[in-house]
Amino acid sequence: MNKRQFFVLACLVIGVIALSRCGNRKAGGADPRGETFAAANTCANCHQAIVASYAATAHAHTSAPASAATVKGSFTSPDNVFHFPNGNEVKMEREDSILYQAAYQNGTLQQKQPFDIAVGSGRKAQTFLSWRNGRYFQLPISYFVPAASWANSPGFPADHPKFDRVIPSTCFGCHSSAVKVKEVQEGMGLKEVFEKREMIAGIDCQRCHGPAAAHVNFHTAHPEEKAAKNIARIDTIPNLRKLDMCALCHSGLKPFQKSPFRFQPGDALAEYLLPTVPFPRKPAEMDVHGNQHQLLVASRCFIQSKTMNCSSCHNPHTTERDLQMFAQRCISCHEQDTHKKTKLSAEARQQDCINCHMPALPSSAITLLANGQTNPTPDSIRTHLIAVYEDAAQSILAKLPRGK
Numbered sequence: 001m002n003k004r005q006f007f008v009l010a011c012l013v014i015g016v017i018a019l020s021r022c023g024n025r026k027a028g029g030a031d032p033r034g035e036t037f038a039a040a041n042t043c044a045n046c047h048q049a050i051v052a053s054y055a056a057t058a059h060a061h062t063s064a065p066a067s068a069a070t071v072k073g074s075f076t077s078p079d080n081v082f083h084f085p086n087g088n089e090v091k092m093e094r095e096d097s098i099l100y101q102a103a104y105q106n107g108t109l110q111q112k113q114p115f116d117i118a119v120g121s122g123r124k125a126q127t128f129l130s131w132r133n134g135r136y137f138q139l140p141i142s143y144f145v146p147a148a149s150w151a152n153s154p155g156f157p158a159d160h161p162k163f164d165r166v167i168p169s170t171c172f173g174c175h176s177s178a179v180k181v182k183e184v185q186e187g188m189g190l191k192e193v194f195e196k197r198e199m200i201a202g203i204d205c206q207r208c209h210g211p212a213a214a215h216v217n218f219h220t221a222h223p224e225e226k227a228a229k230n231i232a233r234i235d236t237i238p239n240l241r242k243l244d245m246c247a248l249c250h251s252g253l254k255p256f257q258k259s260p261f262r263f264q265p266g267d268a269l270a271e272y273l274l275p276t277v278p279f280p281r282k283p284a285e286m287d288v289h290g291n292q293h294q295l296l297v298a299s300r301c302f303i304q305s306k307t308m309n310c311s312s313c314h315n316p317h318t319t320e321r322d323l324q325m326f327a328q329r330c331i332s333c334h335e336q337d338t339h340k341k342t343k344l345s346a347e348a349r350q351q352d353c354i355n356c357h358m359p360a361l362p363s364s365a366i367t368l369l370a371n372g373q374t375n376p377t378p379d380s381i382r383t384h385l386i387a388v389y390e391d392a393a394q395s396i397l398a399k400l401p402r403g404k
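So for the sequence shown, full-length UniProt numbering puts the first residue at 1; every next one is plus one.
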């Protein structure tokens with residue numbers, strides 16, 4: 001399994017996404033990314049409502065320093081134990097404020113490593129990283145929300161705990177806003193060396209809008225100016241470049257030729273990802289991230305539209321889970337009359353576009369072996385190949401009221 005694939009277990013608290021006011025403090029300098037970046041809390045000075053709503057999103061919670069507040073799952077016996085065969089088990093243990101995964105064989109301690117980073121918003125799952133000797137390693141046990149259970153981490157051996165999967169900086173490129181890492185010579189190659197917990201957790205405003213120090217400084221000095229200055233205007237970016245902004249992290253696992261941290265609004269995705277064989281555009285072949293970008297652009301909705309992009313359906317500044325609300329966005333472009341042959345009522349035709357045309361399907365790449373199970377459970381990912389799915393449609397039609 002590709003070493004980036006663990007990250008579907010898709011992510012946790014942004015630390016301080018910034019609700020405190022910092023009106024007179026000069027932006028930049030406080031941000032570890034450099035002087036061109038504004039201090040995180042300055043965004044709330046003018047955009048308090050957006051900052052507050054964004055702080056609850058999965059993007060904002062995609063990673064966090066591990067703690068009792070950010071790690072899901074029980075640390076109390078007997079629910080803190082994951083059982084492997086042959087007397088192997090991993091216990092989730094707490095010593096003061098530090099959390100550990102401790103591996104035992106027939107009751108004898110074999111290895112014990114701390115939780116350092118939690119990855120995953122906690123809506124579906126979480127996985128965890130442990131730092132030692134300048135490297136991050138994925139811990140063997142993750143947490144699977146649908147089963148409310150600790151689970152063997154995806155792609156890990158099913159018969160014993162594994163503590164040596166190295167996690168590279170490219171993983172942080174889609175699951176944090178910055179990480180402190182340097183390359184050092186090791187033999188004939190280079191090795192990445194991380195500073196422990198030195199990161200900006202979650203996806204913050206400047207990952208999508210670009211460095212904002214000049215923007216904040218200008219508007220602090222000119223509060224009467226309402227037109228945005230010195231910041232990327234997303235509404236002026238060409239449509240394909242808007243798609244590239246999301247596709248950087250939502251186009252599956254691809255090799256990077258440039259660090260994703262360097263991506264700026266308006267950049268072309270091709271400048272960052274190495275060319276690969278096109279991914280099969282079949283929903284059953286979705287990878288860990290769902291290849292949402294490739295599946296969307298293969299859809300008739302996209303092909304027949306000149307303006308459709310991710311934000312046509314998604315507001316990235318807030319959490320949206322209401323499928324009927326998404327259905328209304330479908331109806332804004334589609335005639336309801338096309339469904340009259342189903343003999344559904346007008347009300348029913350407005351209710352479930354998503355489950356019919358974008359059903360949640362089992363992932364073939366991400367499966368988790370929950371505690372006590374003998375067969376792994378696949379994670380479910382909503383396909384972004386908008387199409388007619390006969391099985392899903394028939395199941396939903398059977399439950400909806402009929403009309404004339």
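Virtual Cβ for every residue (Gly too), placed ideally from N, Cα, C.
*Let me know the secondary structure DSSP gives T62 once reduced to three states.*
coil
*Ignore the nearest five residues each way along the sequence and tell me which others in F218's own chain have a CB closer than 8 Å to its CB.*
Closer than 8 Å at the Cβ level, and outside the excluded window around F218, lie E225, K229 and N230.
_Can you tell me whether D379 is buried or exposed? The criterion is at least 16 other CB atoms within 10 Å of its CB, across all chains shown._
Counting the other Cβ atoms within 10 Å of the Cβ of D379 gives 16 or more, which makes it buried.
*Could you please give me the residues that DSSP links to T377 through a beta bridge?*
L368
*Under a Cβ-count criterion, where at least 16 other Cβ atoms within 10 Å of its own Cβ denotes burial, should A27 be classed as buried or exposed?*
Only weak support is given to the placement of A27: the predicted model assigns it a pLDDT of 42, under 50, and the question is left unresolved by the model.
_Output needed for Q110: all residues of its chain with C-beta closer than 7 Å, excluding positions within five of it in sequence on either side, in chain order._
A103 and Y104
*DSSP three-state call for F128: helix, strand or coil?*
strand
*In whole angstroms, what separates the C-alpha of E198 from that of R382?*
E198 and R382: Cα-Cα distance of roughly 33 Å.
*Does the distance from the C-beta atom of A66 to that of F115 stay below 8 Å?*
Yes.
*Supposed contact pair H317 and P265 - C-beta distance, whole angstroms, cut 8 Å*: With a Cβ gap of about 15 Å, P265 and H317 do not count as contacting.
_Backbone secondary structure at N291 - three-state DSSP_ = Shown here, N291 sits in coil according to DSSP, grouped into three states, outside any helix or strand.
*Mind checking whether A64 and A125 have CB atoms under 8 Å apart?*
No, Cβ-Cβ distance for A64 and A125 is not below 8 Å.
*In whole angstroms, what separates the C-alpha of L295 from that of N80?*
If you take the alpha carbons of L295 and N80, they lie about 39 Å apart.
*Rounded C-alpha distance that separates V388 from S395*: 13 Å
*asked:* Does N41 come out as helix, strand or coil in the three-state DSSP assignment?
replied: helix
*Where the beta strand (DSSP E) containing N152 begins and where it ends*: S149 to N152
*asked:* Do K254 and L274 have their beta-carbon atoms positioned less than 8 Å apart in this structure?
replied: yes
*Does the ligand HEM have even one heavy atom less than 7 Å from the beta-carbon of Q101?*
The ligand content of the structure shown is nil, which means the ligand HEM is not present either.
*asked:* Tell me the DSSP secondary structure of N106 in three-state form.
replied: coil
_Just to confirm, is the Cβ distance from V193 to V179 under 8 Å?_
no
*DSSP three-state call for I331: helix, strand or coil?*
helix
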